[in-house]
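Trainee:
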Ligand SMILES: [Zn+2]
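Numbering (my numbering), first residue to last: 3 to 480.
(1) Name the one or two DSSP bridge partners that residue 476 has.
(2) Just tell me which of 380, 289, 410, 389 has its CA closest to the CA of residue 422.
(3) At what residues does the beta strand (DSSP E) containing residue 432 begin and finish?
(4) What residues does ligand 1 have around it, judged by CB closer than 5 Å to any heavy atom, in chain order?
(5) Do you know offhand how far residue 83's Cα is from residue 284's?
(6) Any idea what DSSP makes of residue 415, helix, strand or coil?
(7) Any contact between the region 135-144 and the region 259-277? By contact I mean 3 or more CB pairs, one from each, below 8 Å.
(8) Assuming residue 103 contacts residue 255 (C-beta within less than 8 Å), just tell me the rounded distance between them.
(9) At the level of alpha carbons, what is the spacing between residue 61 and residue 280?
(10) If distances are taken between C-alpha atoms only, which option among 38, 30, 438 comes closest to residue 331?
(11) Which residue or residues does DSSP assign as beta-bridge partners of residue 286?
(12) Counting only runs of 3+ residues fully inside the region 228-301, write out the beta strand (DSSP E) ranges in chain order.
(13) Beta-carbon within less than 8 Å of residue 183's beta-carbon, same chain only, minus the 5 sequence neighbours each way: which residues are those?
(14) For residue 295, which option in 369, 261, 302 has the closest C-alpha, if you only look at C-alpha atoms?
(15) List the residues that DSSP assigns as beta-bridge partners of residue 329.
(16) Helix, strand or coil for residue 370 per DSSP?
(17) Quick one: using the 10 Å Cβ neighbour count with 16 as the cut-off for buried, is residue 459 buried or exposed?
(18) When you compare only the Cα positions, how much space is there between residue 347 and residue 77?
(19) If you draw a straight line from the C-alpha of residue 403 to the C-alpha of residue 221, how long is it?
(20) Can you tell me the Cα-Cα spacing of residue 469 and residue 179, whole angstroms?
(21) With DSSP run on the structure shown, which of helix, strand or coil describes residue 314?
(22) My assumption, with CB atoms under 8 Å, is that residue 381 sits in contact with residue 441. Please give the rounded CB distance.
(23) For residue 64, which beta-bridge partners are listed by DSSP?
(24) Quick check on residue 478: buried or exposed, where buried means 16 or more other Cβ atoms within 10 Å of its Cβ?
(25) Can you list, in chain order, the residues of its chain with a C-beta nearer than 8 Å to that of residue 2? Leave out the 5 residues immediately preceding and following it.
(26) Kindly identify the DSSP beta-bridge partner or partners of residue 151.
(27) Within a Cβ cutoff of 7 Å, which residues of the same chain sit near residue 167, ignoring the five residues on either side of it in sequence?
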């Protein structure tokens, strides 16, 4: 018993020495990675090049292909062991000429709204409002589409709505994101359903079009686009986003004049699929490592919507991915597992790049133990959300302690990124970097998502955080 006890003590002290040594080694590596990111960082400069020389880059556009070439070059410059393209067939939707919309009010009602008795020879008042076609929408007829409007203020009301209330009309989904949430991503999910599913829901009851309140907490005149779906067995109807100010104005006029009309023009169309590419870079595992057949993939999506510059969504995540590679190389880290860094194509309107990557990983028998994504904006990192087994979660608790001195503190959220999600069925643990969330949806999918909205230090801290997590998983597995 005594001997066992002594052996136990010896074993424990050996473990604690080993543990404290690895702790020390890890904190030294964290310092090196942080210094490299903050003193010699390239992510901000690279993001400026992407935004200024390429700009927005919707899948299938010439800009998307330019971005493939540009990031291939950046990954080489970051000293990847190898860089290759992964061909992938992607959808090709184009917006066409600039869209427009107007609210048409009868003049009598305008008088009551303005409380004015002035007599005007006009019989209508027309008020222009900004819209954007939702991604994937069909066009309106060439001379526009006009109709009465039914407003839905809360999606929970939808089940009570009858066909005779909707048929032949335009449905106006006007549920705001809930401002009471602390993390804005918690408000996005419940509100985005009206954008993604609204056209199907409304067309089922005979609607002729949908207008969707922009999914943002900002109160301004910028419409925010985003993906929407159709169902082949239900008629396809045009769908547009209206700005939050435009939505509030339309809602106010509807109270005054329920019979007002809304008229809009959109020339968007879906062209045949085209070939594009994921851009993939590698740092190969140490030849002598017993786990060198395992992979860790990290990435962001290279495509963006066709408005703004795709700076936060997801130029930031792509540049942080390239930077994570550069930093790990610059500090001389030789990984135990092979590290992949991927610019995924087509997250916004199809996820074809993410699906292709997972398909090839399976086909080539590449065991991916972890996927890490940055696609929530280039703001200061708060932590990581993740999807992992209970056993892995226990191990991760020891990882998270290392991040505390760097301001990351939120490791309680569940979820991995969209592009890496197809790897889940192969047992890959998924991680998404979670930055501070308050401003993300102000810029998301609209004209405001430009380089000037990104802060250099915050972007660099995110790049460091990705590199640091990649390092820990490469060293200790999951
Ligand atoms: Zn995104």
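Think of the CB as a built atom: it goes at the ideal place given N, C-alpha and C, for glycine as much as any other residue.
Mentor: Per the coordinate set shown:
(1) On the chain shown, position 474 is the one that residue 476 refers to. Paired residue(s): none; residue 476 is not in a bridge.
(2) Residue mapping note: residue 422 aligns to position 420 of the chain shown, counting from 1. For the residues 380, 289, 410, 389, the minimum Cα distance to residue 422 belongs to 389.
(3) By one-based count along the chain shown, residue 432 stands at place 430. Per DSSP, residue 432 belongs to the beta strand (DSSP E) from 431-437.
(4) 315, 316, 377
(5) Here residue 83 refers to the residue found at position 81 of the chain shown. Here residue 284 refers to the residue found at position 282 of the chain shown. The alpha-carbon of residue 83 is positioned some 6 Å away from that of residue 284.
(6) Residue mapping note: residue 415 aligns to position 413 of the chain shown, counting from 1. Note: residue 415 maps to coil in three-state DSSP.
(7) yes
(8) In the chain shown, counting from the first residue as 1, residue 103 sits at position 101. In the chain shown, counting from the first residue as 1, residue 255 sits at position 253. 13 Å between Cβ atoms; not a contact.
(9) Taking the chain shown and counting its residues from 1, one reaches residue 61 at position 59. Taking the chain shown and counting its residues from 1, one reaches residue 280 at position 278. Between residue 61 and residue 280, the C-alpha separation is close to 11 Å.
(10) For this step, residue 331 is matched to residue 329 along the chain shown. Of 38, 30, 438, the residue nearest in Cα terms is 38.
(11) What you label residue 286 is simply residue 284 of the chain shown in a count that begins at 1. Residue 286 is not bridged to any residue.
(12) 241-244, 263-267, 271-285
(13) Taking the chain shown and counting its residues from 1, the one referred to as residue 183 is at position 181. Excluding positions up to five away in sequence, the list reads 189.
(14) In the chain shown, residue 295 corresponds to position 293, counting from 1. Closest by alpha carbon: 369.
(15) Taking the chain shown and counting its residues from 1, one reaches residue 329 at position 327. None, per the DSSP bridge assignment.
(16) Within the chain shown, the letter at position 368 stands for residue 370. Strand at residue 370.
(17) Residue 459 sits at position 457 when you count from the first residue of the chain shown. Residue 459 comes out exposed.
(18) Position 345 of the chain shown holds residue 347. Position 75 of the chain shown holds residue 77. When rounded, the distance between both Cα atoms is 16 Å.
(19) As a first step, residue 403 is located in the chain shown; it is residue number 401 there, counting from the start. As a first step, residue 221 is located in the chain shown; it is residue number 219 there, counting from the start. Using only the alpha carbons, I get a separation of about 38 Å.
(20) In the chain shown, residue 469 corresponds to position 467, counting from 1. In the chain shown, residue 179 corresponds to position 177, counting from 1. Roughly 33 Å separates the two Cα atoms.
(21) If you number the chain shown from 1, residue 314 lands on position 312. In the structure shown, residue 314 sits in a helix (DSSP, three-state: H, G or I).
(22) As a working note, residue 381 is residue 379 in the chain shown. As a working note, residue 441 is residue 439 in the chain shown. About 7 Å; that satisfies the 8 Å criterion.
(23) As a position in the chain shown, residue 64 is number 62, starting the count at 1. Bridge partners of residue 64: none, in fact.
(24) Counting from one through the chain shown, the residue named residue 478 turns up at place 476. Per the 10 Å Cβ criterion, exposed.
(25) Residue 2 lies beyond the residue range present for the chain, which begins at 3 and ends at 480; the question has no answer from this structure.
(26) As a position in the chain shown, residue 151 is number 149, starting the count at 1. Paired residues: 172.
(27) Walking along the chain shown from the start, residue 167 turns up at place 165. Cβ neighbours of residue 167 beyond the five flanking positions: 152.
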